[in-house]
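Going by this note's numbering, the first residue of the sequence shown is number 158, and it counts up by one from there. Let me begin by presenting the structure, written as structure tokens, before commenting on it.
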Amino acid sequence: MRKILFTLTAIVISFVAYAQYDIIDDYVKKLKFQDDVSIEQMAKLITDKSKTEADKVRANFRWIATNIVYDVNYLITGKIPDSSPKEVVKSKKAVCQGYSNLFKALNEAVGIQTFFVNGYIKESGFSFENNFDKINHSWNIALINDKWYHFDVTWASGLINDKNEYIQRVNDKYLFADPYFFVTEHLPADPMFQLLPCPIMPNEFLKRNKEVLRIAKHKKECFSFRDTLNEYLKFDTVQRLIKTVNRQLRFNASNYVYPVLQLNKIGYYYTKDINDKSINIKTRYENANHAYKHYKLAYDLLKNTSNYELKPIKEIVKTNLESTKNFIENNKLAIRSKNIQLN
């Protein structure tokens with residue numbers, strides 16, 4: 158009798174949940190917005206019928222998947238369109254960066270912690286030698302009721318056929334996706350974002366999906382992604398970038414392009430106020446040394462590359478490195494003459 162009651166209760170709960178999903182899905186499908194609407198206004202209206210955090214995330218996910226189409230022009234030109242949330246809403250089209258940015262923005266507007274995740278997918282001709290040096294996809298993770306989940310709104314919205322035509326086919330396969338399933342098709346550049354007790358390595362990811370799933374499920378626990386994420390949340394923007402770069406380079410040294418961009422950004426954060434004399438010289442000098450360390454690492458990663466596509470990045474990093482070095486040299490005497498103790 159208890160078993161029957163339990164089964165009936167489970168059926169009723171499932172029925173109620175699916176009924177709520179239908180209400181949310183039907184509601185968001187009909188929602189249209191003017192170009193000048195704010196992300197906050199959008200999120201409030203999209204989640205108006207949502208009762209829980211999970212409902213809110215589903216509403217945001219389904220609205221994007223239903224109303225934003227894939228920008229197939231990118232497949233022709235190779236040029237990534239403006240992927241800011243406002244531009245995606247205005248143009249009604251995006252590539253993966255745009256889908257992920259908008260999903261993050263809508264979630265955070267209703268208080269849902271969400272991260273933008275970069276990484277790798279197995280495109281046609283994918284191989285370790287040719288593809289792990291370049292990130293080729295982005296998606297999200299979000300924290301709902303103290304549990305992290307994977308989301309890929311791009312893949313949930315539809316597909317591209319053999320003629321490079323977009324076909325809308327909204328599905329829930331990549332909504333609250335299981336991490337063991339998700340890692341068979343998505344490999345984050347930062348292993349923390351796998352949400353697994355022991356990350357899949359790049360060479361393991363190359364195997365067939367069923368084999369990747371088997372490997373992932375049979376690995377012994379070697380990493381606490383929850384503790385790492387909890388610590389990560391405590392850091393400011395710069396410290397998050399530093400931690401991310403370190404993990405990415407340890408995980409896959411082949412991909413140094415994205416870490417270089419992040420290292421350059423770290424350098425910028427430390428030097429953006431370097432000439433502001435209202436800030437004491439000790440702080441500016443120490444920040445310059447922090448920046449120099451990260452610019453130097455970025456330049457060292459790039460200095461032996463012969464890839465012509467990276468030449469502009471290399472020149473930018475070199476210029477930033479030299480200007481920071483000049484600031485340090487020009488102010489070294491002032492620091493010594495004032496007997497300033499550096500940290």
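Where a beta carbon is used, it is the ideal one built from N, C-alpha and C, also for glycine.
Quiz item: For cysteine 355, which of Leu332, Asn328, Tyr331, Arg383 has the nearest alpha-carbon?
Solution: Selected option, being the one with the closest Cα: Arg383.
Quiz item: Which residues share a DSSP beta bridge with proline 345?
Solution: DSSP lists Gly276 as partners of proline 345.
Exercise. Examine the Cβ distances between the stretch 174-189 and the stretch 261-278 and report whether three or more of them are shorter than 8 angstroms.
Key: As far as the Cβ criterion goes, the stretch 174-189 does not touch the stretch 261-278, which means the pair count is below three.
Self-check item: Residue closest to tryptophan 312, alpha-carbon to alpha-carbon, out of Lys320, Phe392, Tyr452, Ile278
Solution: Taking only the C-alpha atoms, the option nearest tryptophan 312 is Ile278.
Quiz item: In terms of residue numbering, what span does the alpha helix (DSSP H) encompassing tyrosine 525 cover?
Solution: No answer is possible for residue 525: the residues shown for the chain start at 158 and end at 500.
Self-check item: Contacts around isoleucine 221, its chain only, beta-carbon distance under 8 angstroms, and the 5 residues preceding and following it disregarded
Solution: Correct list, in chain order: Tyr256, Leu259, Phe260, Leu263, Val310, Ser314.
Practice problem: Confirm, please, whether the CB-CB distance from leucine 406 to leucine 455 is below 8 angstroms. | Solution: Just to set this straight, residue 455 is alanine in the shown sequence, not leucine. 8 angstroms or more divides the Cβ of alanine 455 from the Cβ of leucine 406.
Practice problem: Check valine 474 in the structure and name its three-state DSSP category. | Solution: Reduced to three states, the DSSP call for valine 474 is helix.
Quiz item: Can you name the start and end residues of the beta strand (DSSP E) that asparagine 258 belongs to?
Solution: No beta strand (DSSP E) holds asparagine 258; the alpha helix (DSSP H) holding it covers 253-266.
Exercise. Leaving out five residues on either side along the sequence, give the residues of the same chain with a beta carbon under 6 angstroms from the beta carbon of lysine 236.
Key: Short of 6 angstroms from the beta carbon of lysine 236, and not among the five residues preceding or following it, lies no beta carbon of its own chain.
Quiz item: Is it true that the stretch 394-402 meets the stretch 413-430, where meeting means three or more beta-carbon pairs spaced less than 8 angstroms apart?
Solution: With the cut-off at 8 angstroms, the stretch 394-402 and the stretch 413-430 touch.
Quiz prompt | Test item: CB-CB of aspartate 290 and valine 414 under 8 angstroms | solution = Yes, they are a contact pair.
Quiz prompt | Residue burial classification, leucine 490 (beta-carbon count within 10 angstroms, cutoff 16) | solution = The residue is exposed, with fewer than 16 neighbouring Cβ atoms inside 10 Å.
Practice problem: Inspect the beta-carbon positions of valine 547 and threonine 401 and report whether they are closer than 8 angstroms. | Solution: The question about residue 547 has no answer here: the residues shown for the chain are numbered 158 through 500.
Quiz prompt | Beta-carbon gap between valine 226 and glutamine 325 smaller than 8 angstroms | solution = Yes.
Quiz item: Grouping DSSP H, G and I as helix and E and B as strand, with all else coil, what is threonine 271?
Solution: Reduced to three states, the DSSP call for threonine 271 is strand.
Quiz prompt | Distance between asparagine 297 and valine 173 (C-alpha atoms, nearest Å) | solution = Note that valine 173 scores a pLDDT of 46, beneath 50, so its modelled location is shaky; the value from the coordinates is reported in the next line. Between valine 173 and asparagine 297, the C-alpha separation is close to 27 angstroms.
Self-check item: Residues near phenylalanine 453 by beta carbon distance below 7 angstroms, same chain, minus five either side
Solution: For clarity, residue 453 is lysine in the given sequence; the question names phenylalanine instead. Answer for lysine 453: Leu478, listed in chain order.
Quiz item: Terminal residues of the continuous alpha helix (DSSP H) containing isoleucine 357?
Solution: Judged by DSSP secondary structure, isoleucine 357 falls outside any alpha helix (DSSP H); it is assigned neither H nor E.
Quiz item: Under 7 angstroms from any heavy atom of the ligand GDP, does the C-beta of cysteine 253 make it?
Solution: Summarising the ligand content, the structure contains no ligands, and the ligand GDP is consequently not present.
Quiz prompt | Cβ separation of alanine 334 and tyrosine 306, assumed to be a contact under 8 angstroms, to the nearest whole Å | solution = Yes, they are in contact, since the Cβ atoms of alanine 334 and tyrosine 306 sit about 7 angstroms apart, within 8 angstroms.
Quiz item: Looking at C-alpha atoms only, which residue of Leu300, Ala410, Thr440, Asp430 is the closest neighbour of leucine 458?
Solution: Nearest neighbour of leucine 458 by Cα position, chosen from Leu300, Ala410, Thr440, Asp430, turns out to be Ala410.
Exercise. Could you tell me the distance, in whole angstroms, from the CA atom of aspartate 228 to the CA atom of alanine 251?
Key: When rounded, the distance between both Cα atoms is 5 angstroms.
Exercise. May I ask you to report which of helix, strand or coil DSSP gives valine 226?
Key: DSSP, reduced to helix, strand and coil, places valine 226 within a strand of the structure shown.
Quiz item: If we ignore side chains and look at the alpha-carbon of each, how far apart do valine 214 and glutamate 197 end up?
Solution: Linking valine 214 to glutamate 197 through their CA atoms gives a straight-line distance of about 14 angstroms.
Quiz item: Based on the DSSP secondary-structure assignment, which residues constitute the bridge partners of lysine 501?
Solution: Because the chain is modelled from 158 through 500, residue 501 falls outside the range shown and cannot be assessed.
Practice problem: For cysteine 253, count neighbouring C-beta atoms within 10 Å of its own C-beta (all shown protein chains included) and say buried if the count is 16 or more, exposed if not. | Solution: Buried, by the Cβ-count rule.
Quiz prompt | Rounded distance between the beta-carbons of tyrosine 449 and asparagine 488, thought under 8 angstroms | solution = That belief does not hold up - the Cβ atoms of asparagine 488 and tyrosine 449 are roughly 12 angstroms apart, past 8 angstroms.
Quiz prompt | Own chain residues within Cβ distance below 7 angstroms of leucine 380, not counting five before or after | solution = Note that residue 380 corresponds to phenylalanine in the displayed sequence, not to leucine. Here the set comprises Pro354, Cys355, Pro356.
Quiz prompt | Which residues DSSP lists as bridging serine 248, in chain order | solution = Beta-bridge partners assigned by DSSP to serine 248: none are found.
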